[in-house]
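Residue numbering for the sequence shown follows my numbering, starting at 95 and increasing by one per position.
Note that CB positions come from ideal geometry on N, CA and C, so glycine has one too.
Every value quoted in this text rests on a predicted model; they were computed, and no experiment measured them.
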Amino acid sequence: MQSTVASMLILLSGSLLMDVYAKVIRPDVSLEKIGTLARPVTLILGIIAFLLALFPPKALEWIVYFAVAGLESSFFVPLLAGLYWRRANVQGAIAGMVGGLGAYIIIAGYLKNLSFGMHPVVMSLAISAISYFVVTLVTPPPSETVLRLYWGKDPIVTDQ
């Protein structure tokens, strides 16, 4: 748990500095300046997280429960199929994510009978898989370049 929180804290700090500060607030900032800001920003975010942890919301376990189930519904099928199926494409992955998360929200929140007595994640995974495979099969396959990059024996050399 501690390493997960530390990773999230570093990720949040880096995202704020690189994406918000360096791209929006001061586009001309140097990497050295961002490096000097990294520790104080991470410390401030850590203090905020600590203070929030002192007074957790009453329904924190339910928030975590629904967040994890929503993430599973969204990303499990696209991730697994994307790793092991050469025909996988972007359109199918997006359809699987939207279908899975949408199904989970609807089934868990409004139409509990659609889960047929099972956890809503089970049915949302099925809907995610159907969305993923149907959309993947009716859209163009990945280009030869993409296939060689991720599956081929001869990696593509890009200019650096």
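In terms of alpha-carbon separation, which member of the options lies closest to residue i?
i    : options                : result
S107 : S124, P121, G129       : G129
L195 : V123, I221, M112       : I221
F170 : R242, G190, Y159, V240 : G190
R133 : I201, L111, P150       : L111
S109 : R242, L139, P172       : L139
S168 : M217, S97, K206, T239  : M217
G193 : M212, M102, G164       : G164
Q283 : S225, L137, V135       : Nothing about residue 283 can be read from this structure; the chain reaches only from 95 to 254.
T233 : H213, A187, T239       : A187
Residue i by DSSP, collapsed to three states: which one?
i    : result
M102 : helix
T233 : coil
Y204 : coil
W156 : helix
G196 : helix
D122 : coil
Q254 : The pLDDT assigned to Q254 is 49, lower than 50, so where the model puts this residue is not dependable, and the model offers no usable value.
G176 : helix
Near residue i, what residues of its chain come up, given a Cβ to Cβ distance below 8 Å and the 5 sequence neighbours on each side ignored?
i    : result
L131 : L111, Y115
Q254 : Note that Q254 has pLDDT 49, beneath the 50 cutoff, so the model's placement of it is unreliable and the number below is only indicative. Closer than 8 Å at Cβ, skipping near neighbours: no residue.
Considering only residues of the same chain and omitting the five flanking positions on each side of residue i, which have a CB-CB separation below 6 Å?
i    : result
W245 : R180
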